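Colleague: Numbering (our numbering), first residue to last: 591 to 683.
Glycine included, each C-beta is placed from N, C-alpha and C at the ideal position.
Since the structure is predicted, the reported quantities are computational estimates derived from the model, not experimental observations.
Before I ask anything, let me first share the structure, which is written out below as structure tokens.
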């Protein structure tokens, strides 16, 4: 019955959304959100900023895969900071 339940969408296990605490950098909020892929983690996340009362979001996904979630988060933060410093609000255009 378990197989049929999963096949037809009756799976009672629901993934809870992961809450990520943002890191602030020069008025931007960086949300590291590595993506698990085949035992490794893809560098990914979001960069957000409120501009004129509207929250603007830039999704940040790289092709790099790392062996640990912590390494992927750290690398994402470093790359996001560099991206913010180089592009500023232009990233939202």
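Apart from the five residues on each side of it in sequence, which residues of its chain come closer than 6 Å, Cβ to Cβ, to residue 619?
Modeller: Here the set comprises 612 and 638.
Colleague: Please work out which residues of its chain come closer than 8 Å, Cβ to Cβ, to residue 625, disregarding the five sequence neighbours upstream and downstream, and give them in chain order.
Modeller: Same-chain partners within the cutoff: 631, 632, 634 and 651.
Colleague: DSSP three-state call for residue 683: helix, strand or coil?
Modeller: Reduced to three states, the DSSP call for residue 683 is coil.
Colleague: What separation, rounded to the nearest whole angstrom, lies between the Cα atoms of residue 665 and residue 642?
Modeller: So the alpha carbons of these two residues sit roughly 30 Å apart.
Colleague: Can you tell me whether residue 674 is buried or exposed, with buried defined as 16 or more other CB within 10 angstroms of its CB?
Modeller: Label assigned to residue 674: buried.
Colleague: For residue 667, which residues in the same chain have their Cβ closer than 7 Å to its Cβ, ignoring the five residues on either side in sequence?
Modeller: Contacts found: 613, 620 and 622.
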